[in-house]
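One structure below.
In the UniProt record's numbering, the protein residues as written are 1 to 351.
The structure is reproduced here in structure tokens:
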């Protein structure tokens, strides 16, 4: 289990250009596998075009209390990149003036940003219909100053989307670190205690599953039934939905694939599972990703690869709906992860 980010370890893969080199060369350059551009061209879906903006996903910082093996953000306690209140104010102006109905706050652990609560309070006033916070759960139990997060979430009707790799301690701790499972269970019980995740409750609590190895997630509906049965029987925990998200071959998961000599096999699996139907609803078509320093990307994954939007409007301070709508979406081979099988997005399957 890693204890430091790739950046802190000064790994080659901390450099986004090095990741893109790997994704562009080898089995893709020599023609063993088609590039993502060639693949979607075969089905008449190139270029991918942005539709009307529905979801504004804001990464408020890479700082996290965990160092998970699969993390595409390369987040951790040693990452100090944090969104300032000034950049948050620029985001708020866009929230007030755009047609987006969903605000999706992510990290790192977004709750570790010192202005997190202020931002939630101000954004809630802007009338967002679905207000998502992506929580790793353990942050709720990490320090006394976070113990009241469930009550804070409830006050602002925040939709909590939380990481839960498995319903067993062994598989969860293997991916996320020793003790993560027990803290996650306690956090879920805290959320249930105030109404989150209960069958008749409007306080939404969803779980996110990422595979722990070099394989694709199983059927989302079947896994949801298994998760619900196990967590209810073992811990009396309720939740609403399970999102099954494919691990994309970037950052720490790419590092794992290379170290375990699974990179080529995994890319073959993604390409073989390509589903043109999933391309229609990939999240980059209706989502805009904002980095901690305010730059704009088609998705969170492109943000981590430093692939900015193909638009004159590059920063949240330059936001222009006319310039951004209908833009060509920037793609590379990692995009196969969102179009394999039933597809994958931050809201789970798409096809």
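By construction, the Cβ of each residue, glycine as well, lies at the ideal position given by its N, Cα and C atoms. These figures come from a predicted structure and were not determined experimentally.
The continuous beta strand (DSSP E) containing residue 59 extends over residues 55-59. When C-alpha distances from residue 184 are compared across 11, 194, 162 and 54, the shortest belongs to 162. DSSP, read as helix, strand or coil, puts residue 88 in helix.
Assigned with DSSP and collapsed to three states, residue 17 falls in helix. Residue pairing from DSSP places residue 134 in a beta bridge opposite 161.
Rounded to whole angstroms, the separation of the alpha carbons of residue 127 and residue 95 is 9 Å. A direct Cα-Cα distance of roughly 17 Å separates residue 312 from residue 299. With a cutoff of 8 Å on beta-carbon distance, residue 309 and residue 279 are scored as not near each other.
Here residue 118 is exposed: its Cβ has fewer than 16 other Cβ atoms, across all protein chains shown, within 10 Å.
In the three-state reduction of the DSSP assignment, residue 332 falls in the coil class. Pairing residue 59 with residue 317, the inter-Cα distance amounts to about 16 Å. The criterion of a C-beta distance shorter than 8 Å is not satisfied by residue 273 and residue 348.
When the Cα atoms are used, residue 12 and residue 22 turn out to be separated by approximately 11 Å.
Of the residues 333, 255, 176 and 290, the one whose Cα lies closest to the Cα of residue 29 is 333. By the criterion of a C-beta distance shorter than 7 Å, residue 159 is surrounded in its chain by 130, 131, 132 and 204, once the five residues flanking it on both sides are discounted. For residue 287, the uninterrupted beta strand (DSSP E) run begins and ends at 287-290, by DSSP. Within the DSSP secondary-structure output, residue 104 pairs in a beta bridge with 57 and 132.
With a beta-carbon spacing of about 6 Å, residue 75 and residue 107 fall inside the 8 Å limit used to define contacts.
Residue environment analysis places residue 189 among the exposed positions, since fewer than 16 neighbouring C-beta atoms fall within 10 angstroms of its C-beta. By the C-beta density criterion, residue 72 is buried, having at least 16 other C-beta atoms within 10 angstroms. For the set 51, 53, 77 and 48, the Cα lying nearest the Cα of residue 7 is the one of 77. Assigned with DSSP and collapsed to three states, residue 149 falls in helix.
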